[in-house]
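Below is one structure, written out as structure tokens; comments come after it.
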Amino acid sequence: MIDLHLHLDGSLSLEDFKYLAERNHVELGKEFPKNVYVPNDCKSLEEYLTRFDLPCSLLQDEFSIAYVTASLVNRLYNAGYIYAEIRFAPQLHTMKGMSQEDAVRAAVSGLKFALKDKKGFDANLILCCMRQSSTEVNMEAIKLADAFRLDKVVAVDLAGPEAFHTGDFYTPLFDEAKLRGLNIIIHAGEACGSEEVIRCVDLLHAQRIGHGVHLELTPKNIRKMQEKRIAFEFCPTSNLQTTSLPDYKSVPLREFDKYGIMVTINSDNMTVSDTDVLKEFRHLFKEFKLQKHEVRHFLTNSINASFASSETKTMLLAELAKKIDAYYEDIIRE
Ligand SMILES: [Zn+2]
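Position one of the sequence shown corresponds to residue 484 (the working numbering), numbered consecutively onward.
Here it is, written out as structure tokens:
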């Protein structure tokens, strides 16, 4: 499998929680482990985002960040993944004095350590800016993505509560990212509507849109997405949990695909959303009766839309060809 939209802090294992809570003297609370998952009656993206407070409180030093990055890479590899792009916001890890740069260096070292013994698998990092943060704090993430571009950091992203500011507020940041030649992803069209997706493509130079399910498929919008080859990172379960979509059948999978708009299937947060890419494909299989060639098509989209090197993409296409039968059997097993 491949996950292009995977938040580090939303994907700690229960063992990671327990180990780091003891090491870092953090209380997990009486509700643990229930309190690491999004509640069944979650009403909004804002409420969903409160689930990141506990994992972030554990990740305030270099060791902890390196540890969870390596742990996540190991779990992905052991579950048969071939590629992932793991994202996090370095600014959320500075509560105890660690710099954003130290946070990035720690994630890079954890990633490289875990990748050392793995064949037929690769992973890269994406640095997130946050919608609720100052331009100054976010600009540091952009500069760090540039500084670490040869060191496994492949893109910048904008995450956080989508309704906080509309995309135009962030043009200085993403003009700078574009100027530096960085790859750009923006979370948009999840809690907000189609106009925000368009703003982020037009004004923030987004090459990939996190979610984007609310994009209206007007002829003009379709043409724009086709011409700019914008890829969409769908995360169906997460969208249901934030009430962004009412049910799996509302995921506009076939609609986008029909118009040649690149759709990829992702988990968003393996722990907060209690999912992974296999489970996402299982939900979509139940709803849309996906055929094997369609699963292969969506995973090929993920390879093409990834920010991996062309050499890695060639390796991934070969790995996907080897693994697609097993992947599909796994999807239809339930
Ligand atoms: Zn996300």
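Backbone N, C-alpha and C define an ideal beta-carbon position, used for all residues, glycine too.
In this text, all values refer to a predicted model and were calculated from it rather than measured experimentally.
Buried versus exposed call for residue i [16 or more other C-beta atoms within 10 Å across all chains shown]
| i | result |
| --- | --- |
| Pro-729 | exposed |
| Pro-655 | exposed |
| Pro-522 | exposed |
| Glu-812 | exposed |
| Leu-497 | exposed |
| Ser-547 | buried |
| Gln-709 | exposed |
| Leu-797 | Checking the sequence shown, residue 797 turns out to be Thr, not Leu. It is exposed - the Cβ of Thr-797 has fewer than 16 other Cβ atoms within 10 Å. |
| Asn-561 | exposed |
| Thr-701 | exposed |
| Thr-434 | Here the chain comprises residues numbered 484 to 817, so residue 434 is not present and cannot be evaluated. |
| Glu-645 | buried |
| Arg-570 | buried |
| Pro-516 | exposed |
| Arg-816 | exposed |
| Gly-643 | buried |
| Arg-737 | exposed |
| Gln-774 | exposed |
| Met-745 | buried |
| Glu-505 | exposed |
| Gly-593 | buried |
| Ser-793 | exposed |
| Ala-804 | exposed |
| Arg-706 | exposed |
| Ser-617 | exposed |
| Glu-510 | exposed |
| His-776 | exposed |
| Arg-588 | buried |
| Met-712 | Residue 712 is actually Arg in this sequence, not Met. So Arg-712 ends up on the exposed side. |
| Met-578 | exposed |
| Asp-492 | buried |
Any non-hydrogen atom of ligand 1 within 8 Å of residue i CB
| i | result |
| --- | --- |
| Ala-590 | no |
| Ser-616 | no |
| Asn-722 | no |
| His-490 | yes |
| Asn-752 | yes |
| His-450 | Since the first residue shown for the chain is 484 and the last is 817, residue 450 is missing from the structure and cannot be characterised. |
| His-670 | yes |
| Cys-525 | no |
| Cys-675 | no |
| Cys-718 | yes |
Closer than 8 Å: residue i CB and nearest ligand 2 heavy atom
| i | result |
| --- | --- |
| Ala-642 | Judged by which ligands are present, ligand 2 is missing from the structure shown, whose ligands are ligand 1. |
Chain D contact for residue i (CB, 9 Å cutoff)
| i | result |
| --- | --- |
| Lys-602 | The question asks about chain D, but that chain is absent: this structure has only one protein chain. |
Three or more C-beta pairs below 8 Å linking the segment 616–630 and the segment 667–682: Cβ pair count under 8 Å is below three, so no.
Uninterrupted beta strand (DSSP E) stretches inside the segment 578–654 (no shorter than 3 residues): Runs found: 605–613 and 636–642.
Sequence ranges, beta strand (DSSP E) only - wholly within the segment 710–754, length at least 3: Entirely contained in the segment 710–754, the beta strand (DSSP E) runs reaching 3 residues are, in chain order, 714–717 and 745–748.
Stretch-stretch touch, CB-based, cutoff 8 Å, three pairs: the segment 775–786 with the segment 517–535: No contact exists between the segment 775–786 and the segment 517–535.
contact_flag[the segment 763–781, the segment 555–564] where n(CB pairs < 8 Å) is 3 or more: Judged by Cβ distances under 8 Å, the segment 763–781 makes no contact with the segment 555–564, as fewer than three pairs qualify.
3-residue-minimum beta strand (DSSP E) runs that sit fully inside the segment 531–582, ordered along the chain: DSSP runs (the beta strand (DSSP E)) wholly in the segment 531–582: 566–571.
Stretch pair the segment 644–659 + the segment 679–686: three plus CB contacts closer than 8 Å: Under the Cβ criterion (8 Å, minimum of three pairs), the segment 644–659 counts as touching the segment 679–686.
contact_flag[the segment 743–761, the segment 720–728] where n(CB pairs < 8 Å) is 3 or more: By the Cβ test, the segment 743–761 is in contact with the segment 720–728, since at least three Cβ pairs between them sit closer than 8 Å.
At least three beta-carbon pairs within less than 8 Å, the segment 789–798 to the segment 601–611: Per the Cβ contact rule, the segment 789–798 is in contact with the segment 601–611 (3 or more Cβ pairs under 8 Å).
Three CB pairs or more closer than 8 Å across the segment 495–510 and the segment 690–701: Because the criterion of three Cβ pairs below 8 Å is not met, the segment 495–510 and the segment 690–701 do not touch.
Continuous beta strand (DSSP E) assignments of at least 3 residues falling wholly in the segment 664–703: Note on the segment 664–703: whole beta strand (DSSP E) runs with a minimum of 3 residues are 667–671 and 691–694, in chain order.
In chain order, each alpha helix (DSSP H) run of at least 4 residues that lies wholly inside the segment 750–817: Every alpha helix (DSSP H) of 4 residues or more that sits fully in the segment 750–817 is shown, in chain order, as 760–771, 775–788 and 793–815.
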